[in-house]
Amino acid sequence: MFTGIVQGIGRIVAVNQPSSDFRTHIVELPISMADNLQIGASIAHNGCCLTITQIEANHQVSFDLMSETLVKTNLGRLKAGDFVNLERAARFGSEIGGHLMSGHVMATTSITRIDENGFNRTVWFHLPFDLKPYILTKGFVGLDGCSLTIGEVTGNEFNVHLIPETLERTLFGMRQVGDEINIEIDPQTQAIVDTVLRVMAQLK
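For what it's worth, UniProt numbering labels the leading residue of the sequence shown as 1, then goes sequentially.
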């Protein structure tokens, strides 16, 4: 499990892709995230849970990406030199600063526009049709691994408001219109909405 509080930004130093449906990313972790790493441990990349397969010198760590990950996330588009938001798996007893996230990305969406207002930035995203029931004003959403509160929801867009701290600590400080972003719906919201829809369908 993860909390949606990005702990650092990692640089992809190499991509090995022996086939179209499998690749390995070698990521240079920030020093602050490199303590007590173990093969088999989980680290979220742009919100997607990946497993450490190899640990090398200079905080360089390998992760394998299967076809499902390549299809449903933005990780398959990355190349050497690109960056990813990183978060190590939460530990029991740790503070939950965001909201509980599984690291299972449901889909990607694109940034449609960015509004600047002083120190604040509002980022608008295309609202995928299949996820409309779960994107609710003032609800939670995971975007590239960041736990964020949904601002406004329209017929085909939704937005989040980002403070300078978020812009400095995550990739949202350099994101542009058209960039593809990973989405994870809040699991509690999904469970409630799905349950209500199922009960209503049975009552018809």
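Even glycine gets a Cβ: it sits at the ideal position worked out from N, Cα and C.
Residue i and residue j closer than 7 Å at C-beta
i           : j      : result
residue 206 : Leu86  : The requested residue 206 does not occur in the structure, where the chain is confined to residues 1 to 204.
Ile181      : Phe158 : no
Asn46       : Asp115 : no
Pro133      : Val193 : yes
Thr73       : Val123 : no
Asp130      : Ser67  : no
Thr189      : Gly151 : no
Same chain, Cβ closer than 8 Å to residue i, neighbours up to 5 away in sequence not counted
i           : result
Met1        : Ala89, Ala90, Leu100, Met101, Ser102 and Gly103
Gln60       : Val13, Ile26, Val27, Glu28 and Leu29
residue 205 : Absent from the structure is residue 205, since the part of the chain shown begins at 1 and ends at 204.
Glu56       : Ile26 and Ser62
Lys79       : Ile12 and Val15
Leu162      : Asn120, Arg121, Thr122, Val123, Leu148 and Phe172
Leu197      : Pro133
Span of the alpha helix (DSSP H), counted from its first residue to its last, around residue i
i      : result
Val105 : It is not in any alpha helix (DSSP H) - Val105 carries neither H nor E in the DSSP assignment.
Val193 : Pro187 to Leu203
Limits of the beta strand (DSSP E) - the one that residue i falls within
i      : result
Ser62  : Gln60 to Leu65
Phe129 : Taken as a continuous stretch (DSSP letters only), Phe129 belongs to no beta strand (DSSP E), as it is neither H nor E.
Leu143 : Phe140 to Leu143
Opposing strand residues paired with residue i [DSSP bridges]
i      : result
Phe172 : According to DSSP, which records beta bridges pairwise, Phe172 is partnered with nothing at all.
Val160 : Val123 and Ile150
Met87  : It is Glu, not Met, that sits at residue 87 in the sequence shown. Note: Glu87 sits in a beta bridge opposite Ala44.
Val27  : Ile12 and Val61
Gln54  : Ser62
Asn117 : Asn120
Glu184 : Gly142
Ser19  : Phe22
Ile111 : Phe125
Sequence-distant residues of its chain with Cβ nearer than 7 Å to residue i (five each side left out)
i      : result
Met33  : Gln7, Gly8, Leu86 and Arg88
Pro164 : Phe119
Gly4   : Gly98, His99, Met101, Gly142, Gly145, Cys146 and Ser147
Cys48  : Thr69, Thr73, Leu75, Gly103, Val105 and Asn182
Arg169 : Val6
Ile31  : His59
Presumed contact (8 Å Cβ cut-off) between residue i and residue j, rounded CB distance
i      : j      : result
Phe125 : Thr112 : 6 Å
Arg128 : Thr109 : Note that residue 128 is Pro in the sequence shown here, rather than Arg. 6 Å between Cβ atoms; contact.
Ile52  : Gln38  : 7 Å
Gly178 : Phe83  : At roughly 17 Å, the Cβ-Cβ gap does not stay under 8 Å, so Gly178 and Phe83 are not in contact.
Sequence-distant residues of its chain with Cβ nearer than 6 Å to residue i (five each side left out)
i      : result
Met200 : none
Ala41  : Ile52
Gln54  : Ser62
Ala44  : Phe2, Glu87, Gly103 and Gly145
Asn156 : Leu127
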